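Under our numbering, the very last position in the sequence shown is 364; numbers go up by exactly one each time.
Here the structure comes first, spelled out in structure tokens, and everything after it is commentary.
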Amino acid sequence: MPTKSISPPSSNTGAQNTSRTGLRVLIDWLQATLKNVSLEALINGILDLNIDNFAEMDNGMYGYRKSLRLGNIAVYYDGNEGMGIHLQMSGGGCREYEGYKKRTWSHLLAMILDLESNITRLDLAIDDFTGYFKIPEIEKKIKSGEVQSKFREATNYEKIRLKDGYRRGQTLYLGSNTSLLKVRFYDKFKEAFEKGKDEELEGIEIWNRTELQLKDERAVKVAWLIANETDVGEIATGILNYYVRFTVKRTDSNKSRWKTWKKWERFIGDVQKIKLTELPKERTIETKLGWLDRQVTPTLATIVKAESPEFLLELVQEAFKRLKDQDFIMIDQYKDAKQARDERLKSLVSMTHVKPESSKSEAI
Numbered sequence: 001m002p003t004k005s006i007s008p009p010s011s012n013t014g015a016q017n018t019s020r021t022g023l024r025v026l027i028d029w030l031q032a033t034l035k036n037v038s039l040e041a042l043i044n045g046i047l048d049l050n051i052d053n054f055a056e057m058d059n060g061m062y063g064y065r066k067s068l069r070l071g072n073i074a075v076y077y078d079g080n081e082g083m084g085i086h087l088q089m090s091g092g093g094c095r096e097y098e099g100y101k102k103r104t105w106s107h108l109l110a111m112i113l114d115l116e117s118n119i120t121r122l123d124l125a126i127d128d129f130t131g132y133f134k135i136p137e138i139e140k141k142i143k144s145g146e147v148q149s150k151f152r153e154a155t156n157y158e159k160i161r162l163k164d165g166y167r168r169g170q171t172l173y174l175g176s177n178t179s180l181l182k183v184r185f186y187d188k189f190k191e192a193f194e195k196g197k198d199e200e201l202e203g204i205e206i207w208n209r210t211e212l213q214l215k216d217e218r219a220v221k222v223a224w225l226i227a228n229e230t231d232v233g234e235i236a237t238g239i240l241n242y243y244v245r246f247t248v249k250r251t252d253s254n255k256s257r258w259k260t261w262k263k264w265e266r267f268i269g270d271v272q273k274i275k276l277t278e279l280p281k282e283r284t285i286e287t288k289l290g291w292l293d294r295q296v297t298p299t300l301a302t303i304v305k306a307e308s309p310e311f312l313l314e315l316v317q318e319a320f321k322r323l324k325d326q327d328f329i330m331i332d333q334y335k336d337a338k339q340a341r342d343e344r345l346k347s348l349v350s351m352t353h354v355k356p357e358s359s360k361s362e363a364i
């Protein structure tokens, strides 16, 4: 592990799209435990967010009794002595953090690592929008023994609809739950479709995902590489090339002499060339309403029950003073869109209630 401090990059050189190959690589999960760091130092200082925007929750996880949440970004605290605090960003949280346009991943990871924090999990997601291979093809290669790997076993998880046998989802895992590295292959398009996330699928026909889930020292090593601005495509292919290779079966009993499957070879070659992609999730009134409904309404109900609706109104009135220019822009955009929807609906209703002109029937 490097011992010297890393200077944060001055610009976001990693946010590049890869439309030519139809591939992108994202950081899709981040967890880190920080010792001797306060909540304010983590949220206001390291993440460059505002702790006042986080909702305080009475439930925790991983041995922590409480948490602060902003969308899918969570900070767990109030654990036993020596546990420190724990940061977790799910895939959605990573997209939300990118949307705040604060720090690059290289910058953020460098700051966390400089504090000698323990990064416990880091996921890289490789998205394929052209179809280098199909997930059932990977399954077939595994079942026919056409794979050379340091993993001992694979797991095939399927969700099947009973009434007609339709496969609603499939995920192939290489590695066990205790492994420091796990590789997942699954049809992200089908997953998003089954969850009703139509907005994510606009203009997309194919979406296969290969995920690298790294834990503990493996996660720390990859975090150091990203912090030092190593191309994430090189990181991903380096890991995949070391742990797994899909082959074409031959009579030779030595698999190392079997040729690499052409589709896999092309996939690996193109992944190696791509840079880290950032996919910021746009903050809208709709997303805030969803977050409010999911996470804040129980707290609001408790406050109203304990105090009064007027007390809650006073808090809201005070919060108006903290609104920023981007908040007012978001409000105006929401009002404009709502007005346009209302006008379209009014026009549609008026059209459906137009009385047809009467005409006299001609006698036959």
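Built from N, CA and C at the ideal position, the CB exists for glycine as well.
Remember, it's a predicted structure, so these values are computed and weren't measured experimentally.
Contacts around residue i, its chain only, beta-carbon distance under 8 angstroms, and the 5 residues preceding and following it disregarded
i: W207; result: D127, D128, F129, D187, K188, F189, A192, L201
i: I135; result: Q170, L172, F185, Y186, D187, N208
i: A55; result: L68, R69, L70, Q295, V296, T299
Proximity test, residue i beta-carbon vs the ligand SAH heavy atom, cut-off 6 angstroms
i: E205; result: Within the structure as shown, the ligand SAH is missing, as the structure has no ligands at all.
Residues of its chain near residue i, where Cβ-Cβ distance is below 6 angstroms and the 5 sequence neighbours each way are ignored
i: I142; result: A154
i: G22; result: F129, T130
i: N53; result: L70
i: I119; result: A32, A219, V220, A223
i: G93; result: N72, I73
i: G79; result: G63, Y64
Neighbourhood of residue i by C-beta distance below 7 angstroms, restricted to the same chain and skipping five residues each side
i: R103; result: D48
i: E234; result: Q272
i: V222; result: L122, L214, I235
i: S359; result: Note that S359 scores a pLDDT of 46, beneath 50, so its modelled location is shaky; the value from the coordinates is reported in the next line. Once the five neighbours on either side are set aside, S359 has no close Cβ partner at all.
Residue i classed as buried or exposed, judged by whether at least 16 other C-beta atoms fall within 10 angstroms
i: R152; result: exposed
i: T237; result: buried
i: D311; result: The sequence shown places Phe at residue 311, rather than the Asp named in the question. Label assigned to F311: exposed.
i: I160; result: exposed
i: L113; result: buried
i: T302; result: exposed
i: K195; result: exposed
i: F328; result: exposed
i: F320; result: exposed
i: V248; result: exposed
i: D270; result: buried
i: K150; result: exposed
i: E96; result: buried
i: Y76; result: buried
i: K338; result: exposed
Presumed contact (8 angstroms Cβ cut-off) between residue i and residue j, rounded CB distance
i: Q31; j: H86; result: 7 angstroms
i: R250; j: T260; result: Not quite, the Cβ-Cβ distance comes to about 12 angstroms (not below 8 angstroms), so this is no contact.
i: K255; j: Q148; result: 5 angstroms
i: A110; j: L26; result: Going by Cβ atoms, the distance from A110 to L26 rounds to 19 angstroms, so no, they are not a contact pair.
Neighbour flag for residue i against chain B, beta carbons, 7 angstroms
i: E96; result: Here there is only one protein chain, and chain B is not present.
Which whole runs of the beta strand (DSSP E) in the region 204-234 are 3 residues long or more, in chain order? 208-215
Where are the alpha helix (DSSP H) runs, 4 residues long or more, that stay fully inside the region 31-66, in chain order? none
Could you tell me which whole alpha helix (DSSP H) segments of length 4 or greater appear in the region 163-203? 188-194
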